[in-house]
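Below is one structure, written out as structure tokens, with a few remarks after it.
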Ligand code: GLA
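Numbering (this note's numbering), first residue to last: 48 to 435.
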């Protein structure tokens, strides 16, 4: 972390002249342990923050000019707060910080000019939430500089609003929420309806969380994501005719679903089946972890993947292969796709002694069959966003 701070500070000085009055913040990416495609169904999620972040240095300017520099890309954008903040199709990366400034204005923050430079260590295209981390880093830096007071869950909601309404991606609340509220050595159990949360100690003993990046990102992720949301809404509409208490899939159970089956397109049935069973798996996972039953936790991870592959249909052949190869490694208790889907990463619960074996067995075979090099990261649970 110290070296990242030095790189960001030096780059800041190079682009903006000096480092007087700097605030430096970090916001982490995340891996979701279990609870996939449940957040926008008012359900449960169970992510942890990881040791990859966005590190941002920022300071105020005595005017209305905003200048943002992306160190990795070596690009700078500049705009004035005198005009409404607009979307920039030429520099898409800048729409995340722009969106956060826009949402902060909407929430009543009095913005002034500022300069910001940021660096990311979250692998690109990995689905480990680099965009949410960039939003959260911006929000934490700007609220600190302007003294705008906002509670942590509201800060996460504000970043989600930036992504939903400014960037145009209709994501749920999970990624921003964990980036704000993560805690070292804990996973975060979140009720996405009430935003109540509980930090659960991640006591894995000899076991580790291993993230494996498939190296693929299929372009249909955004369109299919939005389609899944609609399919879930369709399911809710049908179920609500019979059961008016069903406002979201969170409120439905398998008996209701089975009773509504005849009214439903088989695809809608499958989607609802995934969400209803996945919510149950999250609750069981939290219980299993609290009881120290890692074997059961691993089985639930496996079931989650199978459901995402077969019922929700958000996996892809490359990730299915990674999961299948991982499950053959002795010491792997569970493996599944994590995040939005269509590529990205798997999350694996693995014995510490099996980590090398995982790399030896899984990576060459994966490369042989796909021609793609996968990457392995072992991550502990990290803190949420903080001022450094
Ligand atoms: C993406 C979204 C999240 C969540 C996951 C799927 O990461 O940003 O809100 O819906 O997909 O669980």
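Think of the CB as a built atom: it goes at the ideal place given N, C-alpha and C, for glycine as much as any other residue.
Checklist line | For residue 282 and residue 318, believed in contact at Cβ under 8 Å, the rounded distance | finding: 6 Å
Next item on the list: Assuming residue 376 and residue 412 form a contact by the criterion Cβ under 8 Å, report the distance between their Cβ atoms to the nearest whole angstrom.
Entry: Residue 376 to residue 412, Cβ: 11 Å. No contact.
Margin query: Starting from residue 279, trace the beta strand (DSSP E) in both directions and tell me its first and last residue.
Written below: Note, residue 279: premise wrong, no beta strand (DSSP E); alpha helix (DSSP H) at 268-289.
Next item on the list: Can you give me the Cβ contacts of residue 223 inside the same chain, cut-off strictly under 7 Å, excluding the 5 residues immediately before and after it?
Entry: 179, 182, 183, 203, 206, 207
Next item on the list: May I have the straight-line CA-CA distance separating residue 378 from residue 398, to the nearest angstrom?
Entry: 5 Å
Checklist line | For residue 248, the first and last residue of its enclosing beta strand (DSSP E) | finding: 244-248
Checklist line | Residue range of the beta strand (DSSP E) that includes residue 262 | finding: 254-264
Check: Listed in chain order, which residues are found with a beta carbon closer than 5 Å to a heavy atom of the ligand GLA?
Finding: 83, 84, 86, 218, 219, 221, 222, 386, 387
Item checked: beta strand (DSSP E) segment containing residue 303, residue limits -> Unbroken run through residue 303 is the alpha helix (DSSP H), 301-307; no beta strand (DSSP E).
Notebook entry, point to check: So the alpha helix (DSSP H) residue 60 belongs to, where does it begin and stop?
Noted result: 49-63
Item checked: Residue range of the unbroken beta strand (DSSP E) whose run includes residue 238 -> 233-238
Note to self: For a minimum of 3 consecutive residues, which ranges assigned as the beta strand (DSSP E) are wholly contained in the segment 361-415?
What the structure shows: 379-385, 390-398
Next item on the list: Name the residue from 268, 93, 401, 240 whose alpha carbon lies nearest to the alpha carbon of residue 83.
Entry: 93
Check: How big is the Cα-Cα spacing for residue 65 and residue 105?
Finding: 12 Å
Item checked: Cα-Cα separation between residue 402 and residue 58, rounded to whole angstroms -> 36 Å
Next item on the list: Using only alpha-carbon positions, find the residue among 112, 362, 68, 243 that is nearest to residue 271.
Entry: 362
Item checked: Residue ranges of each beta strand (DSSP E) within the segment 123-177, 3 or longer -> 161-167
Item checked: DSSP beta-bridge partners of residue 95 -> 78
Notebook entry, point to check: Are the CB atoms of residue 101 and residue 67 nearer to each other than 8 Å?
Noted result: no
Item checked: Runs of beta strand (DSSP E) wholly within the segment 311-336 (minimum 3 residues, chain order) -> none
Check: Using 8 Å as the limit for Cβ to Cβ distance, is residue 148 near chain C?
Finding: Among the protein chains of the structure shown there is no chain C, as only one such chain exists.
Checklist line | Nearest neighbour of residue 306, chosen from 295, 320, 130, 339 [CA to CA] | finding: 320
Check: Three or more C-beta pairs closer than 8 Å, one from the segment 139-154 and one from the segment 226-244: is that the case here?
Finding: no
Check: Using a Cβ-Cβ cut-off of 8 Å (strictly less than) and excluding sequence neighbours within five positions of residue 254, which residues of its own chain qualify?
Finding: 341, 380, 396, 397, 398, 399
Check: Would the beta-carbon of residue 422 fall within 8 Å of that of residue 260?
Finding: yes
Note to self: Counting C-beta neighbours from all protein chains within 10 Å, is the total for residue 48 16 or more, i.e. buried, or is it exposed?
What the structure shows: exposed
Checklist line | Expected contact under 8 Å - CB spacing of residue 350 and residue 328 to nearest Å | finding: 6 Å
Next item on the list: Let me know the secondary structure DSSP gives residue 216 once reduced to three states.
Entry: coil
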